[in-house]
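*Asks:*
Residue numbers (the working numbering): 40 to 192.
(1) Bridge partners for residue 66 per DSSP, in chain order?
(2) Just the Cα atoms here: how many angstroms apart are residue 116 and residue 192?
(3) Use the C-beta contact count for residue 47: other C-beta atoms within 10 angstroms, 16 or more gives buried, fewer gives exposed.
(4) Any idea what DSSP makes of residue 47, helix, strand or coil?
(5) With a threshold of 6 Å on Cβ separation, who are the neighbours of residue 132 within its own chain once the five nearest residues in sequence on each side are excluded?
(6) Can you tell me whether residue 56 is buried or exposed, with buried defined as 16 or more other CB within 10 angstroms of its CB?
(7) According to DSSP, which residues form a beta bridge with residue 113?
(8) Specify the secondary structure class of residue 91 as computed by DSSP and reduced to three states.
(9) Mark residue 98 as exposed unless 16 or more other C-beta atoms lie within 10 angstroms of its C-beta, in which case mark it buried.
(10) Would you say residue 128 and residue 52 are within 8 Å of each other, going by their C-beta atoms?
(11) Just to confirm, is the Cβ distance from residue 154 to residue 44 under 8 Å?
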């Protein structure tokens, strides 16, 4: 399950992905748009800045923007930065592997095989979804809903 911190990070990044890359947004503006706690969001954006996902400028006209194009930032990158491993068990993690203490035979472990498939499905979806793709999907859904709404009238 995603942490609240990770969810807030994704929400903030979606706001920034919808903006022109030259526009810098204040933390307060992002927080207000998404109804997020400002202080917590400040800490999240600092972490994303340290990891090269967002860039910031201080002072008048300052704020935050994406550090690279939205199509180069994936949900998987963000989740790993904010929450660590994607895997439900350490023994199936690619980046944070740790053998289970009680495991007698990893190769024969039925639980490990299932959890590896779960991990692979999660990684494929998160690593295959960029911020730009999520924005485009959101626009497509909104257009479909608008068309359905006007057809019903």
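Note that the Cβ used here is the ideal one computed from N, Cα and C, for glycine as well.
Predicted model only: the values in this text are computed from it and were never measured.
*Replies:* Looking at the atomic coordinates:
(1) For the purposes of this step, residue 66 is identified with residue 27 of the chain shown, where counting begins at 1. Its beta-bridge partners do not exist; DSSP assigns none.
(2) Counting from one through the chain shown, the residue named residue 116 turns up at place 77. Counting from one through the chain shown, the residue named residue 192 turns up at place 153. Spanning the alpha carbons of residue 116 and residue 192 requires a straight line of approximately 43 Å.
(3) For this step, residue 47 is matched to residue 8 along the chain shown. So residue 47 ends up on the buried side.
(4) Counting from 1 along the chain shown, the entry for residue 47 is found at position 8. Looking at residue 47 - three-state DSSP - the assignment turns out to be helix.
(5) Translated into positions along the chain shown, residue 132 becomes position 93. For residue 132, where only same-chain residues beyond five positions count, the Cβ hits under 6 Å are 124, 126.
(6) Walking along the chain shown from the start, residue 56 turns up at place 17. Buried: at least 16 other Cβ atoms inside 10 Å.
(7) In the chain shown, counting from the first residue as 1, residue 113 sits at position 74. Answer is 169, bridged to residue 113.
(8) As a first step, residue 91 is located in the chain shown; it is residue number 52 there, counting from the start. Note: residue 91 maps to coil in three-state DSSP.
(9) As a first step, residue 98 must be located in the chain shown, where it is residue number 59. Per the 10 Å Cβ criterion, exposed.
(10) Position 89 of the chain shown, counted from the start, is the residue given in the question as residue 128. Position 13 of the chain shown, counted from the start, is the residue given in the question as residue 52. No, they are not a contact pair.
(11) Taking the chain shown and counting its residues from 1, the one referred to as residue 154 is at position 115. Taking the chain shown and counting its residues from 1, the one referred to as residue 44 is at position 5. No.
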